[in-house]
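Undergrad:
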Amino acid sequence: MSDVIRRRLVPYLLMGPGLVWLILFFIVPLFFMARLSLNSGTVTTGFQFTWEWSNFTSSWSRFDAQFLRAFVYAIAATAIALVIAYPLAYAIAFRGGKWKNALLLAVVAPFFTTYLIRTIAWTTILSDDSIIVDVLKFVGILPEDGRLLATSAAVIAGLVYNFMPFMVLPIYASLERIDVRLIEAARDLYASGREAFIRVTLPLSMPGVVAGTLLTFIPAAGDYVNAFFLGSINQAMIGNRIQSLYLMELDYPTAAALSFTLMAAILLLVFIYIRFAGAEALMGEEAER
Amino acid sequence: MIRDAWSWLRRNAIVIYAALAIAYTLIPLVLIAVFSFNDPSGKFNYTWEGFTLDHWKNAFGIPDLTNALLTSIELAVLSTLISTLLGTLLAMALVRYEFFGRRTANFLIVIPMATPEVVIGAALLSMFLIYGIELGFQTLLIAHVMFQISFVVVVVRSRLIGFDRSLEEAARDLGANSFQTFRLVTLPLLMPGILGAALLSLALSVDDFVISQFNAGPTVTFPLWIWGAAQRGIPVEVYCLATILFLVTAAAMAFTVWQQRRAEKMASMLPEEEAAEGGLGRQPLPPAPGAVGG
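Chains as they are written, first to last, in the working numbering: chain A, 3 to 291; chain B, 808 to 1101.
1) With burial defined as no fewer than 16 other Cβ atoms inside 10 Å of the residue's Cβ, what is the status of Glu-178/A: buried or exposed?
2) Taking 7 Å as the limit between beta carbons, can you name the residues of its chain near Ala-120/A, skipping five residues before and five after?
3) Give the range of the beta strand (DSSP E) segment to which Gln-50/A is assigned.
4) Work out the CA separation of Gly-214/A and Gly-98/A for me, nearest whole Å.
5) Check whether chain B comes within 7 Å of Ser-194/A, counting only Cβ atoms and requiring the distance to be less than that.
6) Would you please state the rounded distance, in angstroms, between the beta carbons of Ser-1008/B and Gln-955/B? I believe it to be under 8 Å.
7) Checking contacts by CB at 7 Å: is Leu-885/B closer than that to chain A?
8) Any C-beta of chain B sitting closer than 7 Å to the C-beta of Tyr-88/A?
9) For the candidate residues Pro-13/A, Val-182/A, Met-35/A and Thr-46/A, whose alpha-carbon lies nearest to that of Asn-57/A?
10) Output, in sequence order along the chain, the residues in the region 107-135 of chain A whose CB is closer than 8 Å to any CB in chain B.
11) Can you give the Cα-Cα distance for Asp-971/B and Arg-196/A, rounded to whole angstroms?
12) Count the other CB atoms, across all protein chains shown, that sit within 10 Å of the CB of Leu-827/B; report buried if there are 16 or more and exposed otherwise.
13) Under a CB-based cut-off of 7 Å, is Leu-144/A close to chain B?
14) Please report whether the beta-carbon of Ser-4/A lies at a distance below 7 Å from any beta-carbon of chain B.
15) So Arg-37/A contacts chain C; which residues on that side make the cut at Cβ distance below 8 Å?
16) From the DSSP secondary-structure annotation, give me the bridge partner or partners of Thr-44/A.
17) Buried or exposed, going by whether 16 or more other CB atoms sit within 10 Å of the CB of Gln-68/A?
18) Leaving out five residues before and five after His-951/B in sequence, what residues of the same chain have Cβ atoms less than 7 Å from its Cβ?
19) For Val-135/A, collect the residues of the same chain with a Cβ closer than 6 Å to its Cβ; drop the 5 residues on either side in sequence, then sort them by chain order.
20) Is it a yes or a no for the region 49-65 of chain A touching the region 247-264 of chain A, going by three-plus beta-carbon pairs under 8 Å?
21) Decide yes or no for the touch test of the region 152-167 of chain A against the region 233-243 of chain A: beta carbon pairs closer than 8 Å, at least 3 of them.
22) Kindly indicate which three-state DSSP category Phe-954/B falls into: helix, strand or coil?
23) Does any residue of chain A have a CB that is nearer than 7 Å to the CB of Ala-1023/B?
24) For Pro-1078/B and Leu-171/A, I'd like the C-alpha separation in whole angstroms.
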């Protein structure tokens, strides 16, 4: 074997096993899920592949409320997470000093605890006799007989909490690599602090904002753990339906149709979002050069 | 006087805001630790009823729970060994070589991280169902390696991009063959990145719930046991184990951060370079990121 051919082969040999694993256990299963979504029959009569397109239309009309809820909750959670995360990332990047690493560790600290336990801890925090509920009742935001647990607010709060580190980290990374001299130059040219932020810092951090919002939105839209622990049946998201159809009701075709739709809807939204936000993010990258 | 206070407040508003945000991220964690000392009279550990050490003494005293934790650890170690090896090789290929299909390979690595877990879990289950493959430890292993690979690639790749290749050339010049160069120069310098990736994989695996729930069959991992127990009340011992896991992970993370800093000093590498390409693909990670929830 000649040296040139050998060198050409090396990268394929190196990545072969890993890529094969990803193809076999991620890409191929997606095809099987698509196939399953077009099956007819029940678990007792057996399933048959019959191009049963009605699985899609019927599941859409059956679960439109859960779809809508999943997307509304995920968008709300992403927006709130952004409002909390951006100033936090900004403070760590520009005011963190020697505490930067410790603060970043604190940001990812929730990940060191089991996801379910974290969520269950929120049931304690939001439970009917918690301080938060008392305070909200005292201030009058919550009526006397009101509660937080088993409301949309609780589910969204859980989503915000569980996925916020995904928002902080990319924003921090993009703020961190801004050349401070650019901001100083803006100030030298008589930009106010606010102007310098809006015209220099914010555009330069857009790639981080785009990445962060995606990394928060995507897992939030498919989540079912928060709605399970912090909500009631009235807060069920599409993830909850997929989970119970697959694992309890064993209605595989409907479940597969739902999860396929979820994936397609997310991809579509992400695509639109990137087209819409991407231009700005790109300009941010260009201004950097 | 009031003016001074006001201007101080204005200057430091963002720091105060950040402090509150950090408190918000830490409060549930503190609560978990505190409630591991709780002495609830009923089955539900939701309200504070008194201090006790009983549950800490009995932390490993619930056989099913301890077994579930051991299953989780076994699964995490095995899947991490496989995914770290496969992912490191993949990252080497992607950073070191120009080849046909590189963009597709990059895309394949990013896309699982941009897919909701419920879809990944459901797709795998669909395949296992159609083939009639029995669910259990081996299907969990397949699933865990699958979702770990992408994260390993991201972490190791960022390390490789900041890699000073002149060190390898120096080794070559001094007469080392390619295997020796790899073993004596490349691998040791890459080690902090590989360790960080392995640690991330371990944490991801121990914490994984959604994908596991779809593909576990009768096998019970730590998070799956908690889910099962949630209906009838989660015993305080779970809070003890969660606190232990938290401390172990935090210590390991702090250790890798320290290790990485030391390695950077030794090799004077430029880790900042790694973040030079934001976006989803090169998702810039902190010095040593923790596990990813859900």
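Cβ coordinates follow ideal geometry from the N, Cα and C atoms, glycine included.
None of the values given here were measured: they were computed from a predicted structure.
TA: According to the data block:
1) buried
2) It is worth fixing the name first, because residue 120/A is Arg in this sequence and not Ala. Excluding sequence neighbours, Arg-120/A sits near Pro-112 and Asn-164.
3) 48-51
4) 20 Å
5) no
6) 4 Å
7) no
8) no
9) Met-35/A
10) Leu-107, Ala-108, Val-109, Val-110, Ala-111, Pro-112, Phe-113, Phe-114, Thr-115, Thr-116, Tyr-117, Leu-118, Ile-119, Arg-120, Ile-122, Ala-123, Trp-124, Thr-125, Thr-126, Ile-127, Ser-129 and Asp-131
11) 40 Å
12) exposed
13) no
14) no
15) Annotation note: the requested chain C is absent from the structure, which comprises protein chains A and B.
16) Gly-48/A
17) buried
18) Leu-882, Ser-886, Ser-1012 and Asp-1015
19) Leu-150
20) yes
21) yes
22) helix
23) no
24) Per-residue confidence for Pro-1078/B stands at a pLDDT of 48, beneath the threshold of 50, marking its modelled position as unreliable; the derived number appears in the next sentence. Looking at the two C-alpha atoms, the distance is approximately 16 Å.
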